[in-house]
Amino acid sequence: MILKKRFWYFLGLLGFILLASPEPIQAQQTTDISTIKVDELSDEQVEELLSRASEAGLSTEEFLQMAQLRGMPSSEVAKLRNRIESLDPSGAVNRSTNASKRDSRQQVDINNITQGIYNPQTELVDLDQSNQIFGSSLFYQNNRRLSFEPSLNQATPKSYVLGPGDVVYVDIYGQSEQYYEATVNPDGFVLLDNIGPISVSGKTIEEATGIIKNRVSRFYTGLNGANPNTFLQVTLGNVRTIKVHILGEVRLPGTFTLSAFSTVFNALYAAGGPNENGTMREIKVVRNNKPLASVDVYDLLINGTANLDIQLQDQDVILVTPFISRVQIKGEVKRPMKYEVKEGDTFKDLAEYAGGFTDLAFKDRVAISRITDNQRSVSDVYQNQFGMFILKGGDEITVGKILDRYSNRVQIKGAVYREGTFALEDDLTLKKLIQNADGLRGDAYTDQASILRTKKDLSTEMIEVDLKAVLDGNAPDISLQREDVVRISSIYDIRNEQYVQILGEVKKPGVYPFSESMTVEELVISAGGFQESANPNDIEIARRLEDTDLGTLSDIIPVQVNPNLSYRSDSKTLLPYDQVIVRKKASFTMQKLVAVEGQVNSPGMFAIQSSDERISDLINRAGGINQFAYAKGATLIRRTEFFNTESEEIRRQRNLEALRLRLMEDPNNSEAQEELIQRLFTNLPKAENPVDNQLALTKKESLDQIASETPGFAVKIKDTEAVAIDLEAILKNPGSENDLLLVEGDILSVPKLLQTVRMRGDVVYPTTMRHESGRSLKHYINGAGGFERRANRKQTYVVYANGAVKRTKGFLGIRNYPPVEPGAEVIVPTKGPKVPLRLGDVVGITTGLATLALVVSQINW
């Protein structure tokens, strides 16, 4: 057991030799030991092999013996021995191990030991299965997973014949105990200590046991008698190797060193199996110049049985002769390949070799192409002849496919409960087929049905049927034929789908299915009811007109309904494609809010009371300005037309969502509140914010187009802008033109008294200065260090605290600067870049001036 553990440890370590290989190795590839060429191994690989063998406790002789046992040629074993001796002159790896003498036989896979060391050229496999020879893939060297390796862990067969090299264990136990271990020498004897040589060569284990027992019983008398008290057991230790000659049509012919447990299939595997020209049906085993057995590989592949009990012996010959005859089968069989057939094989045998027919095979007849004289001929073999038709070499058999057609099919489609395919029974009629399809649906169009019939020449004809007359018995029933297709239309297939539409102030405007006797009230209820802004007395129905003058597009019908949508005797009945338009109340509007911030007595949010409310009214409602207010700096912030104002629908949805969340916060709601939560969950509108201001959208598109077509022109769209107001004048004269009307979203900002002036732009030292009453703009510019060299003095302007702007004015070189007030900002812009005049420009200007002078002089003259 110690030796076994060491060897398997050695196998695991050898897997890492893959990393030392100078050539790229495919993952999980197993190298066949019989294909290794020692001359192609590098010194590093051999040294790694020595190191791993030493760590595993294996000697060189043990490893070489295992390699030869698994089929490595003797010449390659000798080369490997010489390479090891040249690299390990001290013979360190030849030291004997501490393995017990009683170690059992080891199961060794030498191919795994050499994994990754050597990568021989593999044969190309024909991917076209129909051209493959059945059974050849069993021995492919690039797919050698089935090795037929004999199990060395099996109990010693009683029929095993001992020979030179076998190790025999003799156990004596009972009243006397003794153990012997002996190797059968080349003369066929085993030498037992103090007993002498015993001839066992050529004897089976069972026979050898009797001979050894008869000899040993002279010294251990307890083995004799009717009631012995001492017992003897003979077992096989390490198995000897034998040499087998594999000749003929094999891929690797030669002499192979194999285990004495090896069978014919083990030997064939070592030789790579029969080649393309070799037989698989009559592989001969010759022993002592006499035929011993014939092996048929097809027995293993087809039936799972083979002559595995034929145990090879030393100097046996395996002869693979050329193939007998081959036939090829194509088409609908499970293994379409080439097969080798023996004399007397029939098509029935071949079908079994090919795995039988596929599900789509046409089994009544097969076509066989046969060589007759100097050409081929075709024969038809019918199903009752399969077991009698004798195959001949070169036959090509084609198994056809069933026809993709139906022999007894009819179909029914359309307005029946079970449309589909049905079997054509005897005397099947149209009326009976409809019954088989569970009858007509309620929407079936019974005035007409059609039958699509296929003629013998595969053309079609259409048969029209008065279905209602057939079902009522007023017309003869129609007999159906194979491949008839019955189509029964729905009444909705032959007319447009009918609907009505509702628009305007309802919760769910849109298109709804039309029903007969449908009223406006029912349509409004289907649309979720009125919005709170709806006017039930101002509803219109726009109706299509079938026959009308060219100038009339639709018929407008005014409608009034009860606000609670209760029944009215004069309710209008709708027609298909009517459009119901629900208008908004003229006086309806939702609350509009404005805000006041800054220096007022009661800042905050305010709702606009009336459409004519002004800034002065808002100041009064806010308690007026306080003593710290700077009225001249007050600003009104107003939304522009580009502000994304919430629609009433969006605002309503947001409020309902807030209500639902507030109710869900309280775990102790009443029954009515719980019902309200459920309604909000199911009926909460999913509204989208529509474009209410189409003018703003159109203006934005126009500005974008101008900006794209005009270089240097850019427009910055703002949601809000500051409107310059004069709050002092507004408070002195309420209702004047300065006192603006309020609109939704206005924010009135009243700042605290300001005492500074901010200098910006092209001045020497931009800074913030203290405001001084009565001082001009030049005073503040000088306080900031004066103008810079590139300052544009003519364009200097002042932005006041309320948002108003004034610029510098000039006349005849005299500049009139705007006044400066607290909180103002003085802006000094910069001149554009100065472009120097080129000589051509100077000449052009001079020429122009000269021409102008000449013209003036001529006029004066």
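The numbers in the working numbering rise by one with no breaks, and the one at position 773 of the sequence shown is 761.
Backbone N, C-alpha and C fix where the C-beta goes; we use that ideal spot for every residue, glycine too.
Fair warning: this is a prediction, and the values are worked out from it, not measured in the lab.
Please classify Gly811 as buried or exposed, where buried requires at least 16 other C-beta atoms within 10 Å of its C-beta.
buried
Buried or exposed for Met268, please, with buried defined as at least 16 other CB atoms from any protein chain shown within 10 angstroms of its CB.
buried
With a threshold of 8 Å on Cβ separation, who are the neighbours of Ile378 within its own chain once the five nearest residues in sequence on each side are excluded?
Gly332, Asp333 and Thr334
Thinking Val155 and Glu165 are a contact (beta carbons under 8 Å), I'd like their distance in whole angstroms, please.
Contact flag wrong, Cβ pair sits at about 20 Å.
Within 10 angstroms of its Cβ, does Lys867 collect 16 or more other Cβ (buried), or is it exposed?
The chain is shown from -11 up to 849; residue 867 falls before or after that span and cannot be answered.
How would you label Asn254, buried or exposed, when you count the other beta carbons within 10 angstroms and need 16 or more for buried?
buried
Same chain, Cβ closer than 6 Å to Phe311, neighbours up to 5 away in sequence not counted
Thr267 and Glu328
Are Glu509 and Leu446 close, meaning C-beta to C-beta below 8 Å?
no
Taking DSSP as the reference, what is the three-state secondary structure of His233?
strand
Residue range of the alpha helix (DSSP H) that Ile359 falls in?
First-last for Ile359: Arg353 to Thr360, but that is the beta strand (DSSP E), not the alpha helix (DSSP H).
Contact check, Gly176 vs Val188, beta carbons under 8 Å:
yes
Should Gly828 be labelled buried (16 or more other beta-carbon atoms within 10 Å of its own) or exposed?
exposed
Roughly how many whole angstroms lie between the Cα atoms of Gly402 and Arg475?
6 Å
Taking the alpha-carbon positions, what's the Thr360 to Ser367 distance?
11 Å
Just the C-alpha distance for Leu719 and Gly612, rounded to the nearest angstrom, thanks.
9 Å
Give me the Cα-Cα distance between Ala248 and Gly388, rounded to the nearest whole angstrom.
50 Å
Excluding the 5 residues flanking Val494 on each side, which residues of the same chain have their C-beta closer than 8 Å to its C-beta?
Val512, Ala515, Gly516, Gly517, Phe518, Gln519, Ala522 and Val570
Going by beta-carbon coordinates alone, are Arg323 and Ala339 separated by less than 8 Å?
no
Have a look at Asn362, Phe594 and Ser737 and flag the residue whose alpha-carbon is nearest the alpha-carbon of Gly621.
Ser737
So for Asn608, helix, strand or coil by DSSP?
helix
Can you tell me whether Lys560 is buried or exposed, with buried defined as 16 or more other CB within 10 angstroms of its CB?
buried
Which whole-angstrom value is the C-beta distance of Thr855 and Val149, which I expect to be below 8 Å?
With the chain represented from -11 up to 849, any question about residue 855 goes unanswered, as that position is not in the structure.
Assuming the contact rule is C-beta atoms closer than 8 Å, Met757 and Gly773 should be a hit. Round their C-beta distance to whole Å, please.
11 Å between Cβ atoms; not a contact.
Taking Asp347 as the reference, which of Gly319, Glu709 and Asn608 has the closest Cα?
Gly319
Span of the alpha helix (DSSP H), counted from its first residue to its last, around Ala258:
Val252 to Ala258
Nearest-angstrom Cβ-Cβ length linking Asp606 and Met593, presumed shorter than 8 Å
For the record, residue 606 in the displayed sequence is Leu; it is not Asp. Their Cβ separation, rounded to whole angstroms, is 11 Å, which puts Leu606 and Met593 out of contact at 8 Å.
Out of Thr834, Ala437 and Lys496, which has the shortest C-alpha to C-alpha gap to Asp481?
Ala437
Where does Tyr433 land, buried or exposed, given buried means 16+ other C-beta within 10 angstroms?
buried
CA-CA distance, Gly104 and Tyr257?
Interpretation of Gly104 is limited by its pLDDT of 45, a score under 50 that renders its predicted location unreliable; the figure taken from the coordinates is listed afterwards. Going by the C-alpha atoms only, they are around 20 Å apart.
Cutting at 7 Å between CB atoms, please list the residues of its own chain near Pro817, excluding the five before and the five after it.
Gly749, Asp750, Asn780 and Gln783
With 16 other CB atoms within 10 Å as the buried threshold, where does Val731 fall?
exposed
Using a Cβ-Cβ cutoff of less than 6 Å, which residues in the same chain neighbour Glu585 once the five nearest sequence positions on both sides are dropped?
Pro591 and Ser737
Among Ala712, Leu428 and Asp600, which one has its Cα closest to the Cα of Leu729?
Asp600
Please return the same chain residues whose Cβ sits closer than 7 Å to the Cβ of Lys351, not counting the five positions on each side in sequence.
Phe345 and Gln371
8 Å Cβ cutoff met for Glu237 and Val308:
yes
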